Amino acid sequence: MGGDNMDRGAARAAAELRVQLAQMTAASQMLERCAWDEKSRGYLAALNQGICRMLRTVGRLELAGRLSKESPQLELAAADLGELTAELGQRMEGLLERTGVRLAVSGPEGLTAQVDETLIRQMLLELTANAAAAGKTVRVTLEKAGNRAVFTVADDGPGISPESVAGLFSDEREQIPDWRRGGMGLAIAHRIASLHGGTLMADCAPGQGMRVSASIPLGEGEGGVLKGRALRWDGGGFDEALVGLSSLLPAQAFLPENLE
953 MGGDNMDRGA ARAAAELRVQ LAQMTAASQM LERCAWDEKS RGYLAALNQG ICRMLRTVGR
1013 LELAGRLSKE SPQLELAAAD LGELTAELGQ RMEGLLERTG VRLAVSGPEG LTAQVDETLI
1073 RQMLLELTAN AAAAGKTVRV TLEKAGNRAV FTVADDGPGI SPESVAGLFS DEREQIPDWR
1133 RGGMGLAIAH RIASLHGGTL MADCAPGQGM RVSASIPLGE GEGGVLKGRA LRWDGGGFDE
1193 ALVGLSSLLP AQAFLPENLE
């Protein structure tokens, strides 16, 4: 009972933070009109950076709570996964260049699956942000394997031990871990893949980087919506890629001209 009360309290706190962040965003937009000198623009960039990082934290907290429910609601429709990956990759590539990370994205168009596009994009954002925090080269690939689409995100970072890999996606991570603990990004990605009838697997060794692969079923259909509260990722008016990668980006990425 205590845990449920705390989770409800966290949800209320997240909602209150949403209101405050919306007010801060509005104030930031008003300040753009008078931020002409370099010093003022620097302060404004720092403000936007802080807003986006807080939006990422609040958004992940909200999404984790919804994904943890017994029957979370997905908005399913037929989507071209190759087109989705290429479009998101193009946005992430330009942003990650500012951090010194090289992103390469590849995959064919025409791989269709019934998915919740918002959640699939969020899964790719979480996996890419995790990889970019570890290495300087990140590769996102989409391939067809039988009747499944496989997204793979690989980095050239230090990797982790085989023992640690084995614990990344254990049964206890089937549900999102408590928001007070770490590991939320990978757990969110794992849960999203699972809700689409897929799996998430990791492969790495010390000094050899990490590869995380998400495999989901392919298939065409009429699409549809499971009725109920949709699992939306809300960027608070900022681009979802900017918010999703905000923990990695320098303040210059949040200058007004770079947000257009």
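Those letters in the sequence shown? Residues 953 to 1212, per the numbering used here, in order.
Cβ coordinates follow ideal geometry from the N, Cα and C atoms, glycine included.
For clarity, every value in this text was computed on a predicted model and none was experimentally measured.
Among the residues of its own chain, which have a CB less than 7 Å from the CB of G1111, if the five just before and after it don't count?
Closer than 7 Å at Cβ, skipping near neighbours: C1156, A1157, P1158, G1159, Q1160, G1161, M1162.
Pull up the distance between the alpha-carbon of S1165 and that of L1076, whole angstroms please.
The alpha-carbon atoms of S1165 and L1076 are separated by roughly 10 Å.
With the cut-off set at 9 Å, would you say A1016 and I1168 are in Cβ contact?
Not in contact: A1016 and I1168 (Cβ atoms no closer than 9 Å).
Measuring straight from C-alpha to C-alpha, what distance separates A1085 and L1200?
Spanning the two alpha carbons is a distance of roughly 7 Å.
Identify which residue in S1058, L973, R985 has its Cα closest to the Cα of G1034.
Out of S1058, L973, R985, S1058 has the C-alpha closest to the C-alpha of G1034.
Would you kindly work out how many angstroms separate the C-alpha atoms of T1064 and G1011, rounded to a whole number?
If I take the Cα positions, the gap works out to 27 Å.
Measuring alpha carbon to alpha carbon, tell me which residue in I1144, T1093, L1079, Q972 is nearest L1007.
Answer by Cα proximity: Q972.
Flag this pair as touching only if the segment 973-986 and the segment 1021-1041 have three or more C-beta atom pairs under 8 Å; answer yes or no.
With a cut-off of 8 Å, the segment 1021-1041 and the segment 973-986 do not count as touching, because too few Cβ pairs lie within range.
Alpha carbon to alpha carbon, how far is L1048 from E968? Give it in angstroms, no decimals.
Going from the Cα of E968 to the Cα of L1048 covers about 31 Å.
Would you tell me roughly how many angstroms separate the C-alpha atoms of T1009 and A1081, rounded to the nearest one?
Their backbone Cα atoms lie some 13 Å apart in a straight line.
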